[in-house]
Structures are given as structure tokens and as C-alpha cells.
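Protein chains: 2
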Amino acid sequence: MKKITKILLSEKEMPRQWYNIVADMPNKPMPPLHPLTREPIGPDALAAVFPMELIKQEVSTERYIDIPDEVLDLYKIYRPSPLFRAVNLEKALGTKSKIYYKYEGGNYSGSHKANTAIAQAYYNKKEGIKRITTETGAGQWGSAMSYACHHFGLELLVFMVKVSFDQKPGRKLLMNTYGAKVIPSPSTMTAAGRKILELDPESPGSLGIAISEAMEVAVQDPYTKYSLGSVLNHVVLHQTIIGQEALIQMEKAGDYPDVVIGCFGGGSNFSGIAFPFLRENLQKGKKTRLLTVEPSSCPKLTKGKFMYDFGDSAGMTPLLPMYTLGHNFIPEKIHAGGLRYHGAGVLVSQLLKDGFIEAKAKMQRECFEGGVLFARTEGILPAPESNYAIAGALDEARKADLEGVSRTILFNLSGHGHFDISAYEKYFENNLPDHELTQAEVDEAISKIELPV
Amino acid sequence: MKKITKILLSEKEMPRQWYNIVADMPNKPMPPLHPLTREPIGPDALAAVFPMELIKQEVSTERYIDIPDEVLDLYKIYRPSPLFRAVNLEKALGTKSKIYYKYEGGNYSGSHKANTAIAQAYYNKKEGIKRITTETGAGQWGSAMSYACHHFGLELLVFMVKVSFDQKPGRKLLMNTYGAKVIPSPSTMTAAGRKILELDPESPGSLGIAISEAMEVAVQDPYTKYSLGSVLNHVVLHQTIIGQEALIQMEKAGDYPDVVIGCFGGGSNFSGIAFPFLRENLQKGKKTRLLTVEPSSCPKLTKGKFMYDFGDSAGMTPLLPMYTLGHNFIPEKIHAGGLRYHGAGVLVSQLLKDGFIEAKAKMQRECFEGGVLFARTEGILPAPESNYAIAGALDEARKADLEGVSRTILFNLSGHGHFDISAYEKYFENNLPDHELTQAEVDEAISKIELPV
Numbered sequence: 000m001k002k003i004t005k006i007l008l009s010e011k012e013m014p015r016q017w018y019n020i021v022a023d024m025p026n027k028p029m030p031p032l033h034p035l036t037r038e039p040i041g042p043d044a045l046a047a048v049f050p051m052e053l054i055k056q057e058v059s060t061e062r063y064i065d066i067p068d069e070v071l072d073l074y075k076i077y078r079p080s081p082l083f084r085a086v087n088l089e090k091a092l093g094t095k096s097k098i099y100y101k102y103e104g105g106n107y108s109g110s111h112k113a114n115t116a117i118a119q120a121y122y123n124k125k126e127g128i129k130r131i132t133t134e135t136g137a138g139q140w141g142s143a144m145s146y147a148c149h150h151f152g153l154e155l156l157v158f159m160v161k162v163s164f165d166q167k168p169g170r171k172l173l174m175n176t177y178g179a180k181v182i183p184s185p186s187t188m189t190a191a192g193r194k195i196l197e198l199d200p201e202s203p204g205s206l207g208i209a210i211s212e213a214m215e216v217a218v219q220d221p222y223t224k225y226s227l228g229s230v231l232n233h234v235v236l237h238q239t240i241i242g243q244e245a246l247i248q249m250e251k252a253g254d255y256p257d258v259v260i261g262c263f264g265g266g267s268n269f270s271g272i273a274f275p276f277l278r279e280n281l282q283k284g285k286k287t288r289l290l291t292v293e294p295s296s297c298p299k300l301t302k303g304k305f306m307y308d309f310g311d312s313a314g315m316t317p318l319l320p321m322y323t324l325g326h327n328f329i330p331e332k333i334h335a336g337g338l339r340y341h342g343a344g345v346l347v348s349q350l351l352k353d354g355f356i357e358a359k360a361k362m363q364r365e366c367f368e369g370g371v372l373f374a375r376t377e378g379i380l381p382a383p384e385s386n387y388a389i390a391g392a393l394d395e396a397r398k399a400d401l402e403g404v405s406r407t408i409l410f411n412l413s414g415h416g417h418f419d420i421s422a423y424e425k426y427f428e429n430n431l432p433d434h435e436l437t438q439a440e441v442d443e444a445i446s447k448i449e450l451p452v
Numbered sequence: 000m001k002k003i004t005k006i007l008l009s010e011k012e013m014p015r016q017w018y019n020i021v022a023d024m025p026n027k028p029m030p031p032l033h034p035l036t037r038e039p040i041g042p043d044a045l046a047a048v049f050p051m052e053l054i055k056q057e058v059s060t061e062r063y064i065d066i067p068d069e070v071l072d073l074y075k076i077y078r079p080s081p082l083f084r085a086v087n088l089e090k091a092l093g094t095k096s097k098i099y100y101k102y103e104g105g106n107y108s109g110s111h112k113a114n115t116a117i118a119q120a121y122y123n124k125k126e127g128i129k130r131i132t133t134e135t136g137a138g139q140w141g142s143a144m145s146y147a148c149h150h151f152g153l154e155l156l157v158f159m160v161k162v163s164f165d166q167k168p169g170r171k172l173l174m175n176t177y178g179a180k181v182i183p184s185p186s187t188m189t190a191a192g193r194k195i196l197e198l199d200p201e202s203p204g205s206l207g208i209a210i211s212e213a214m215e216v217a218v219q220d221p222y223t224k225y226s227l228g229s230v231l232n233h234v235v236l237h238q239t240i241i242g243q244e245a246l247i248q249m250e251k252a253g254d255y256p257d258v259v260i261g262c263f264g265g266g267s268n269f270s271g272i273a274f275p276f277l278r279e280n281l282q283k284g285k286k287t288r289l290l291t292v293e294p295s296s297c298p299k300l301t302k303g304k305f306m307y308d309f310g311d312s313a314g315m316t317p318l319l320p321m322y323t324l325g326h327n328f329i330p331e332k333i334h335a336g337g338l339r340y341h342g343a344g345v346l347v348s349q350l351l352k353d354g355f356i357e358a359k360a361k362m363q364r365e366c367f368e369g370g371v372l373f374a375r376t377e378g379i380l381p382a383p384e385s386n387y388a389i390a391g392a393l394d395e396a397r398k399a400d401l402e403g404v405s406r407t408i409l410f411n412l413s414g415h416g417h418f419d420i421s422a423y424e425k426y427f428e429n430n431l432p433d434h435e436l437t438q439a440e441v442d443e444a445i446s447k448i449e450l451p452v
């Protein structure tokens, strides 16, 4: 009998530093540009939006950055997170391969988002900030930030993408329970929101729109800053604790992954688990494949264009070099709300362009099928987002079996689906539509991108 | 700064035996009686309902019972469970006391119920059973049993108390996702259910009714057995792993509780954490107080009568010596569905009668107030049931502060409230009614108890 394997680390074994992939990238990321001058912007240009310590991390080229004691202390309520070998899933598949997963849903927020929420709230508090604004898709990020802000004595205002606000009332209520204020986006509270509502009063919203709204409110008050849950370098940095831990845990398991998989929205959970393994590839000649899985309805990495574009809908951010579907692109209302973002983070984009990572797109129904199999075998009900990583892992195991080989597969189970159970209901009712954007549709969307001249 | 304290055990430190309080009880529990003869029933009388190994545990007087390897193996996906010192809650209270909690909600089922579900499914499978029937209140027990049955290849049919079926669709869907069939109770599937519906087509149901329905189906087929999530001795036995672990963890913390607290439905989570500490009282002269907290709307321990009564509504069980409100009592529709049971387990009842444990009753709103404070400080959203234990712990801390002393308080956080978020919404809307049953109302309910003559 295969024994269930859970690999835990003690608090003493928890990494004390985040890892910054920029230090090891052969081609460094291109700089953010001012939308009008097209000149690289300096750190000062971001000071209205972020606290200085996070801006320093955003542009840092240091390989390791110390995790502050206050952040480590709060990490310890849920970290180190467990790494499991999915023996019951392996049995159900009848695969020769070994499937491991790192579980990031066992904390208060239900996802990996707590790792950066705690850090961001801490740095804002340290610099005297009183209030944070942010966006959230499915609500994992907003939930993570709600408790973190309450803990450090900060107010929080969350713009929640309207389709998720309606689909997932549970996460909105969770944010309220933690003391945050939650507004459906687009809203009438901001010029950016009002502009969208004028064009389409029924707009389901998008992460790009919600970002514009949150930024607009933040820049109006010196004691209010904005906070982003993915995409940016400092967010990715904070998530690398996932992969740093997983490296130690895989070593304890006496194993090493042939492929590391994460679902893909803006890039933070994928980068968090993958970048420390990519460092091993770059520094030590390891050959681990690093695979992102995105929705076929929002295929920026597999069908989008690498170009400078805005990070938000209204064009309030600098121009960022990234794979994009266009900053005004509004994806279909899939249940993996956290993956409904038009662009990819700068670091992942550059690394994909340079061939260091891989991307594939999957349909919604097949991902839920994988999620249900996972729940029934491993017990944990996955977040809809995480189902994309599971589906990617199942593909890899089946492919290895067809090739007659055994591979070691590691994926990031980024969160639980307790507040997404209605999506599972729709799956069982055979009422989860599949959407696939064709290359022609993507090209058309990209052709409509309007940038300032 | 008080540091966050999380006390983990390694898998090697996990207890290998359950603890049976019967061995140490000065007054042994009185036997179950046949309803007509009023003679003690033997193990054989239960054979139509339970597998023999569980019946043996039900009547065992052995102090320790080995946990089978297959059960230990599945326990390891989530055990040992963490024990926390609630430093942020202590800070918010400004208390001198130390508050610890054992967290049993971090597993697939979201509550302590997994501890007995896994054991019960295993023993049924081992004896060739194909299908299990059971009842569930809020759904934690049904969820726990759903995955456990799927894991061991058993079918599961769950009768879910109708008010919870309607209030908590999330847990019903979770059970479906794990592959179980869920029926609202009272149902037309059984004679017991039809009889209730004839009298009251709008009946909200009760655990007592759901038990009758599940038993009625089970006894009709030799390959179907019934499974109960609380009350019985073997269920309590399986839960003692909680307290066995907590004892080791408190020792690691360099501390020992002055009081141990659990919420009270049928008795399993309270007994699970409390009985190993009661053993220390009985064997080693320790003086830890053991405190149950029940809803004021279902006050069997604080206002009920110690007598022989049925465990279910239709009178299918033997007569059990217990504190009861009457087997036909239907409690108010409070959100802590798991606490809506008319009686108390035999072991707890005897121990309360003999003065070894204490009981108090609390109102719903105050318990939710405690739960929200707990969520905002400690991060975890508690199950409505667990809010009663939290409220009990807050009472103890405040009382100690009034007395000018510092006490060490330990409570069992039996589950998370992710599927109960609508109850929190009602709390914030100031829409959670308080119900308190008076002694006169209780006495009237008890006077209506009809037993066969």
C-alpha cells in the first residue's frame, strides 16, 4: 500500500528571505514607461501609490530580501504550509508518475494571497499609512488583505469585480467579517467606474477596471495607498516563500520535480512556487519544466501579444512590458475569477518570451472535472483557479503514462473552494459553459488597444 | 511583544490509541435498556445497526484502544492538528489570562467530525458493509462521512435536518461533491419521516427525526449499516485523539489548563478534548475544570432531566440514561445546527450528574459576537457551534480579570464557518434572534415525554 505522505517543516526550517528572480534573469525585465513621454519611470513616480519599501522591492536587483520579523511572526500562524504526495489521486489515475502538491489554502484567507497581504499591510503601516484601497476578483485577495489590514490597524476599501460580487457573496461577507468595506466594481464612486457604467450599465467588471477604481481613490489622499494582489514584482517576491519551502520539502521527500505547475491569473502563485526551482535551473543546471495553466477564455500567455500596455483599464498605471489581451479586454464570466486578468506580470512575461517557462490554456469544464476527482481522492475542495493547476498536473501524468515513463510532478494548490461551491453545483448540473478565444478574436482585441501618443 | 505561539506535533508524536473514560469513571454508566422489557440490552441487539467492532467499542471497559493503521494513515492527512495560543485575542481583551485553542477545522470536513468518520467508515468496510446511512445537522458530520465513505468505497445516504438543508446549501453541495446522496429530513422516504410530515408539513426537522429516518433505512438491508456522528460511546472514544494531542501540546507550551471548554451538541467534541484531562484529574489529582457550553434554546444539560429516553424521535434506539429535553423536542432554528439535539451522550450525562464536569448555556447573539472578535483577531472564521466555546472562554477570561487572577484557558475550536457565512450576515444585519427556554418550558416538554409501557 502506498502510504499517505505529508511533508511538514518546523518553524525553524521556514525560509527567512524572499527570492528575487531578477538577480538571475539572463535578460532583465524592460522598465515601466511613462505613458506620454515613453521614458522609463523612476521609483518616485510610484510614490503616490505605494509605500517606499515596496517600491524599492519592485525595482530591486538583490537576490534575497530579508522577511521582517513582524511578517515572519504572522506567517507563523499558517506557515510553513504542508506539501503532500497525492497518493490517492495517483491510485485513482493508475499513473506511474508521482504527483506532489503544495497546499496554500490552509490559512485564514483560503489562498496563497495571505503571503503578500501580510507583507504589504506591514510595510504600509510602518510608513504611517492609514487606509488601503485594493481590487479583488473572486475575493481571495480581498479576504487576505482584510485580515492583514485589521491586524495592523489599517482601514481597507475593496473594489470587487461585479460578476464575482454577485457569484460569490460568501467572500464578500468574509471580508466584512474581517472589518473591510466592499464595493462592487464598476461603481459610481470613481470617474473610472462611472465611465464604464455609462458605456455598459450591465458591465460584469474586470480586474483592470477594479484596479483603476482603487488607484483613483488612493491617489487622492496622502494617507491612503493602493495595494495589488498579483502581477507586480514585489508581489511575486513575497510569494516565493512557497517555492523556497517546497524545495526543502521535496528534498525531505527524497525527490525532485520534473515539472512544476501553477494556474495563471497575473502570475503570483505560479511564480511563487516556480521561481525558486527556476533558480536551480539557472544556477545549477537542473532541468525542471515550469508550466503555467491559464483559461482558454483569457489566453494572454498562449495567444496574447508581448508589448507595452497598461495594467489597468483606465490607463492609470505606467506602461508595462507584458503579454496582454489589451487593457480594456473583458473576459467571459468563468468561475475562476482570479484568472480573469488581461495581462501577465512583467517577470513571467519576459521569462516566457525567453523560453524559460511554458504556458498552456485549458477549458473550464475539464478543469472542474479534475477538481472533483481531486476532492474525492485527496479530500480538499479546490478553488476554481486551482483546478487549472490540477488539470495541468493530470495532463502531465497521463502524458507520462502514454510515453511509458514515470515523472515527478509538483503543483501549487493555491486555495480552497469553500466559497465557490455554487460553481461546483453548476458543474454537476452540466451548466458550466466552455469558452475558447480564437487567435483571430485575440488579434482583433489586440488591434483595438489604444495607447496615448 | 507577545509572540504568536503555534504548537505542532510531528506525526511520530501522534497518539496511537484512543482513550476510554469508562475505565476511570467512579460510577459506571447505566446500561441501555430495551424499550419494552426495560432489561439491559446486550451487544447483539445493536448488530442490525452497527458493525461488531464498533459495538465492542461501545461497551468496552478497556482504558486504551489501538487505532488501526489504516485509520492512522488517513488521520495523517490532517493530524496532529495545531494548538494555538490566542495572543491577538488576548491583546484585544486586555486579559491577564492565557487562552489556548485546539483547532479541529483544518481538515477536509472542516470540523472534528473527521476523527470518527474515518474510523467508522473503516470498521464498516472491514466487515463487508456496502452502504451507510446517517443523519446530519449543519452538515459537518455528513461532509466528514462523505469523503471517508468514498475513500473506503462505501455508498452514503445522508438525512440532513431540513432547516440546515435550506440554511446551508454549501455543505449539501460539498457532500454531493464527495459523492454522497443527501435528502432533507423529514422526508417521505421513511415511515418515521412521513409521520412527522403528516403532523406538520412545514416541520424544520431535528437530529432526532433524521436519526430515526437513517436507522429505518439501515435496518432493512443486511449490507447497510447506520452511523452516528455524536452521542454514543464509540464516537466519543474516537474524538479523544483531540485531547490526547492537546495534553502533549500543552506540555510543550510549558503550561497546563485551569479550565477546558467545548461547545455541546451530543458531546463528542467536548468529550474529545476534555476526557484526557479528566483522566489526569481522576488519576493524578489535577484540578482542571471541564466546561460545556450549550445553547440557551436547547439547554438539556443545564435545565433538562436525567432519565432514560430515546436517542431518536421515532423511538428506534434503546432507552439511554441521559440528560434530555424529550426525544420529540424540536429546538429553535438557531444557526448552530450541530447543537440542536434533544439529549446528551450517556458518558457526559453520568459525569455531569456526578459533578466531574460543568455546564452553562449561552445566547446565540453573544456567541456570534465572540466569534467575530475571534475571526478579526485570530483570523479563523469559526463555525457557529464553535462560537459557543469561544463565548465560554471569553467569560472565563473576563471572570479571571475581575478576580484579579490569570488563568490558563483551553478551548476546542471544533470547526470553521466557511459554509455558515450567511449566519454571520444575519448577525451583522442584527437579525439573529435570541431564544432562551425557561425551566417551566423545559419541564412542560419533559412532562410530555411518552415512553412505551
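Note that the protein sequences, when read in sequence, are chains C and A.
First residue of the first sequence? That's 0 in numbering that gives the first Met the number 0, and the numbers climb one at a time after it.
First residue of the second sequence? That's 0 in numbering that gives the first Met the number 0, and the numbers climb one at a time after it.
All C-beta atoms, glycine included, are put in the ideal place defined by N, C-alpha and C.
On a predicted model such as this, the values are computed, not experimentally measured, just so you know.
Under the three-state DSSP convention, the category residue i falls into
{"i": "C/Leu380", "result": "coil"}
{"i": "A/His233", "result": "helix"}
{"i": "A/Tyr426", "result": "helix"}
{"i": "A/Ala360", "result": "strand"}
{"i": "A/Lys101", "result": "strand"}
{"i": "A/Met144", "result": "helix"}
{"i": "A/Met249", "result": "helix"}
{"i": "C/Thr135", "result": "strand"}
{"i": "C/Tyr18", "result": "strand"}
Bridge-paired residues (DSSP) for residue i
{"i": "C/Glu154", "result": "C/Arg130"}
{"i": "A/Ile260", "result": "A/Leu290 and A/Phe410"}
{"i": "C/Leu32", "result": "C/Pro39 and C/Leu318"}
{"i": "C/His96", "result": "In the sequence as presented, His is not what sits at residue 96 of chain C; that position holds Ser. In DSSP, C/Ser96 forms no bridge with anything."}
{"i": "C/Ile6", "result": "C/Leu82"}
{"i": "A/Ser110", "result": "A/Gly414"}
Option nearest residue i by Cα separation, candidates the options
{"i": "C/Gln243", "options": "C/Glu10, C/Pro14, C/Thr4 and C/Ile6", "result": "C/Pro14"}
{"i": "C/Gly204", "options": "C/Ala143, C/Thr239 and C/Gln166", "result": "C/Gln166"}
{"i": "A/Ser59", "options": "A/Ala22, A/Lys112 and A/Lys161", "result": "A/Ala22"}
{"i": "C/Gly342", "options": "C/Ser385, C/Gly264 and C/Gln363", "result": "C/Gly264"}
{"i": "C/Lys361", "options": "C/Gly391, C/Leu346, C/Ile379 and C/Leu380", "result": "C/Gly391"}
{"i": "A/Ser270", "options": "A/Ser295, A/Ala190, A/His417 and A/Ile240", "result": "A/Ile240"}
{"i": "C/Leu300", "options": "C/Gly354, C/Val48 and C/Leu281", "result": "C/Gly354"}
{"i": "C/Glu402", "options": "C/Lys425, C/Ser96 and C/Gln349", "result": "C/Ser96"}
{"i": "A/Phe158", "options": "A/Ile210, A/Arg170 and A/Glu384", "result": "A/Ile210"}
{"i": "C/Asn26", "options": "C/Ile445, C/Glu440, C/Glu428 and C/Ser348", "result": "C/Ser348"}
{"i": "C/Glu443", "options": "C/Gly325, C/Ala91, C/Gly337 and C/Tyr18", "result": "C/Gly325"}
{"i": "C/Thr187", "options": "C/Asp199, C/Gly41, C/His233 and C/Glu449", "result": "C/Asp199"}
{"i": "A/Phe83", "options": "A/Tyr99, A/Thr94 and A/Glu69", "result": "A/Tyr99"}
Residue i: CB within 7 Å of a non-hydrogen atom of the ligand NAP
{"i": "A/Ile260", "result": "Absent from the structure shown: the ligand NAP. Ligands present: none."}
Task: Runs of alpha helix (DSSP H) lying entirely within the region 265–322 of chain A, each at least 4 residues, in chain order - done: With a minimum length of 4 residues, the continuous alpha helix (DSSP H) runs that stay inside the region 265–322 of chain A are 267–283 and 299–302.
Task: Interfacial residues, the region 97–119 of chain A to chain C, with Cβ spacing under 9 Å - done: Residues of the region 97–119 of chain A with a C-beta less than 9 Å from any C-beta of chain C: Gly105, Asn106, Tyr107, Ser108, Gly109 and Ala113, listed in chain order.
TODO: Would you list, in chain order, the members of the region 300–315 of chain C that have their beta-carbon closer than 7 Å to a beta-carbon of chain A?
DONE: Within the region 300–315 of chain C, no residue places its CB atom closer than 7 Å to a CB of chain A.
- [ ] Could you run through the region 405–439 of chain C and flag, in chain order, every residue whose CB is less than 7 Å away from some CB of chain A?
- [x] Those would be His417, Phe418, Ile420, Tyr423, Glu424 and Phe427, in chain order.
Task: Residues within the region 353–374 of chain C neighbouring chain A, beta-carbon criterion of under 7 Å - done: Taking 7 Å as the Cβ-Cβ cut-off against chain A, the residues of the region 353–374 of chain C that qualify are Val371 and Ala374.
TODO: Ignoring anything shorter than 3 residues or poking outside the region 34–94 of chain A, list the beta strand (DSSP E) runs there in chain order.
DONE: Runs of the beta strand (DSSP E) inside the region 34–94 of chain A: 63–65 and 82–84.
Task: Short-range partners of chain A found in the region 166–178 of chain C, where Cβ spacing is below 7 Å - done: Result list: Gly169, Leu172, Leu173, Asn175, Thr176, Tyr177 and Gly178.
TODO: For the region 168–243 of chain C, list the beta strand (DSSP E) runs that are entirely contained and at least 3 residues long, ordered along the chain.
DONE: Taking 3 residues as the shortest admissible run, the region 168–243 of chain C contains the following complete beta strand (DSSP E) segments, listed from N- to C-terminal end: 180–184 and 223–226.
TODO: Using a Cβ-Cβ cut-off of less than 9 Å, list which residues of the region 376–387 of chain C approach chain A; keep chain order.
DONE: Cβ contacts with chain A: Thr376, Glu377, Gly378, Ile379 and Leu380.
TODO: Mind checking the region 137–155 of chain A against chain C and listing, in chain order, the residues whose C-beta falls within less than 8 Å of any C-beta there?
DONE: Taking 8 Å as the Cβ-Cβ cut-off against chain C, the residues of the region 137–155 of chain A that qualify are Tyr146, His149 and His150.
Open item on the list: Please identify, using Cβ separations under 9 Å, the residues of the region 227–261 of chain C that lie next to chain A, in order along the chain.
Closed with: Legend: CB atoms of the region 227–261 of chain C lying less than 9 Å from CB atoms of chain A are not found in any residue.
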